[in-house]
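To keep things clear, I will list the structure first and then write my remarks on it.
Numbering (the working numbering), first residue to last: 1 to 288.
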């Protein structure tokens, strides 16, 4: 199927109301998300301080409000792991945040610039996002330790080990250095008497359909947020597409001890995530 067929030029809104203009649809999405953040911000800060284990609930609600308003259908294949888990997923677009955030009770690892992105930065704070400075190699150990401490406390963390976003047609090699948290968690467990039994679960994220039509290779570029794309024009482009289907494949959880080194662990996670993306893009998924 060609790109034109995969991405129709019509602008239907979620629910099939074709009379709603693109501008009003965008306003509805932004207003809904902003209102949710404003209403939930105060209570969420209180929850973070007094009962941090309950903190994921409100951000998940906000992400679900966004997905519903934006017409994003999220389908899960398999199940998320229980217990303290490091979810490692491929990265395609800013849409990955609400898609994953609507399904997983977890915090993201993100670059520091995200915290300065207005309402997105506020939501990131509500979700207890862990910020990292990509270019601050001298602080990599400190940043890794913050992730390990959160995992040891029982939190779930979502990591994009490609280190950047892609077209959605392939998965870039995973940066083995980012799996250093698994090594550090293993040491933490040994030193603390077994308190950090960390699971690592590979997750494949794919955008498979727009308006119930399969996306072509070229069509996936309309959702991908890569290079120097500005957020506002890309947001408008995505909203223009219509209803989007996102599929999350939860692969079998593993532990570092199953592989012996972070390099072998990273290679395994990359292999299963990449295979999952090929299946999703070719329409060979079971359970969709």
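We put the CB at the ideal spot given by N, CA and C, even for glycine.
Leaving aside the five residues before and after residue 173 along the sequence, list all residues of the same chain whose C-beta is less than 7 angstroms from its C-beta, in chain order.
Working through the chain shown from its first residue, we reach residue 173 at position 173. These residues qualify, in order along the chain: 270.
Taking all protein chains shown into account, decide if residue 111 is buried (16 or more other Cβ within 10 angstroms of its Cβ) or exposed.
If you number the chain shown from 1, residue 111 lands on position 111. The residue is exposed, with fewer than 16 neighbouring Cβ atoms inside 10 Å.
For residue 197, which of 204, 185 and 205 has the nearest alpha-carbon?
Stepping through the chain shown from its first residue, residue 197 is reached at position 197. Ranked by how close their Cα comes to the Cα of residue 197, the residues 204, 185 and 205 have 185 in first place.
Are residue 74 and residue 103 touching if we call contact CB-CB under 8 angstroms?
For the purposes of this step, residue 74 is taken as the residue at position 74 of the chain shown. For the purposes of this step, residue 103 is taken as the residue at position 103 of the chain shown. Result yes, Cβ atoms of residue 74 and residue 103 sit closer than 8 angstroms.
In the DSSP assignment, what are the bridge partners of residue 73?
Translated into positions along the chain shown, residue 73 becomes position 73. DSSP lists 245 as partners of residue 73.
So the candidates are 243, 253, 127 and 200; which of them puts its Cα closest to the Cα of residue 55?
The count along the chain shown starts at 1 and reaches residue 55 at position 55. With distances taken between Cα atoms, residue 55 lies closest to 127.
Quick one: grab the DSSP three-state call for residue 124.
Walking along the chain shown from the start, residue 124 turns up at place 124. Note: residue 124 maps to helix in three-state DSSP.
Cα separation between residue 47 and residue 217?
Counting from one through the chain shown, the residue named residue 47 turns up at place 47. Counting from one through the chain shown, the residue named residue 217 turns up at place 217. Between residue 47 and residue 217, the C-alpha separation is close to 43 angstroms.
Does DSSP put residue 209 in a helix, a strand or coil?
Within the chain shown, numbered from 1, the residue matching residue 209 stands at position 209. Residue state, collapsed to three classes: strand.
Measuring alpha carbon to alpha carbon, tell me which residue in 129, 63 and 259 is nearest residue 200.
For this step, residue 200 is matched to residue 200 along the chain shown. The shortest C-alpha separation from residue 200 is found at 259.
Roughly how many whole angstroms lie between the Cα atoms of residue 248 and residue 282?
Here the question's residue 248 lines up with position 248 in the chain shown. Here the question's residue 282 lines up with position 282 in the chain shown. About 15 angstroms.
Between which two residues does the alpha helix (DSSP H) carrying residue 271 extend?
Within the chain shown, numbered from 1, the residue matching residue 271 stands at position 271. Residue 271 -> alpha helix (DSSP H) spans 262 to 281.
Less than 8 angstroms between the beta carbons of residue 226 and residue 165, yes or no?
Position 226 of the chain shown, counted from the start, is the residue given in the question as residue 226. Position 165 of the chain shown, counted from the start, is the residue given in the question as residue 165. Going by C-beta atoms, residue 226 is nearer than 8 angstroms to residue 165.
Would you give the residue range spanned by the alpha helix (DSSP H) that residue 293 belongs to?
Here the chain has residues from 1 to 288 only, and residue 293 is not among them.
What number of angstroms, rounded off, separates the C-alpha of residue 285 from the C-alpha of residue 211?
Counted from its first residue, the chain shown places residue 285 at position 285. Counted from its first residue, the chain shown places residue 211 at position 211. So the alpha carbons of these two residues sit roughly 18 angstroms apart.
Please return the same chain residues whose Cβ sits closer than 6 angstroms to the Cβ of residue 123, not counting the five positions on each side in sequence.
Within the chain shown, residue 123 is the residue found at index 123, counting from 1. Around residue 123: 37.
For residue 29, which residues from the same chain have a beta carbon less than 8 angstroms from its beta carbon, with the 5 sequence-adjacent residues on both sides left out?
As a first step, residue 29 is located in the chain shown; it is residue number 29 there, counting from the start. Excluding residues within five positions, the ones whose Cβ falls inside 8 angstroms are 66, 69, 70 and 239.
Give the list of continuous beta strand (DSSP E) stretches no shorter than 3 residues that lie fully inside the region 17 to 100.
72 to 77 and 85 to 89
Could you give the C-beta distance for residue 276 and residue 204, rounded to a whole number, given that I count them as a contact under 8 angstroms?
Along the chain shown, read from residue 1 onward, the residue named residue 276 stands at position 276. Along the chain shown, read from residue 1 onward, the residue named residue 204 stands at position 204. Confirmed, about 3 angstroms.
Beta-carbon separation of residue 220 and residue 169 under 8 angstroms?
Locating residue 220 in the chain shown gives position 220, counting from the first residue. Locating residue 169 in the chain shown gives position 169, counting from the first residue. Yes; because the gap between Cβ atoms is below 8 angstroms, this pair is in contact.
Alpha carbon to alpha carbon, how far is residue 114 from residue 133?
On the chain shown, residue 114 is found 114 positions in, with the first residue counted as 1. On the chain shown, residue 133 is found 133 positions in, with the first residue counted as 1. Rounded to whole angstroms, residue 114 to residue 133 spans 11 angstroms at the Cα level.
What three-state label does DSSP hand residue 284 in the structure shown?
On the chain shown, residue 284 is found 284 positions in, with the first residue counted as 1. In the three-state DSSP reduction, residue 284 falls in the coil class, being neither helix nor strand.
Between the C-alpha atoms of residue 82 and residue 207, what's the straight-line distance to the nearest angstrom?
Along the chain shown, read from residue 1 onward, the residue named residue 82 stands at position 82. Along the chain shown, read from residue 1 onward, the residue named residue 207 stands at position 207. Rounded to the nearest angstrom, the two C-alpha atoms are 25 angstroms apart.
Nearest residue (CA-CA) to residue 154, options 146, 161 and 160:
The residue you call residue 154 lines up with position 154 of the chain shown. Of the listed residues, the one whose Cα sits closest to residue 154 is 146.
Can you say whether residue 157 is buried or exposed, counting buried as having 16 or more other CB atoms within 10 angstroms of its CB?
Reading the chain shown from its first residue, position 157 is the one you call residue 157. Under this definition residue 157 is a buried residue.
Local Cβ density within 10 Å of residue 261, reported as buried at 16 or more and exposed below that:
As a first step, residue 261 must be located in the chain shown, where it is residue number 261. Exposed: under 16 other Cβ atoms inside 10 Å.
Helix, strand or coil: how does DSSP classify residue 223 here?
Sequence index remark: in the chain shown, residue 223 carries index 223 (1-based). Looking at residue 223 - three-state DSSP - the assignment turns out to be coil, as it is neither helix nor strand.
So does residue 259 have its beta carbon nearer than 7 angstroms to some heavy atom of the ligand ZN?
This structure lacks the ligand ZN, and indeed carries no ligand of any kind.
Pick helix, strand or coil for residue 233, following the three-state DSSP scheme.
Against the chain shown, residue 233 aligns to sequence position 233. Three-state DSSP puts residue 233 in a helix.
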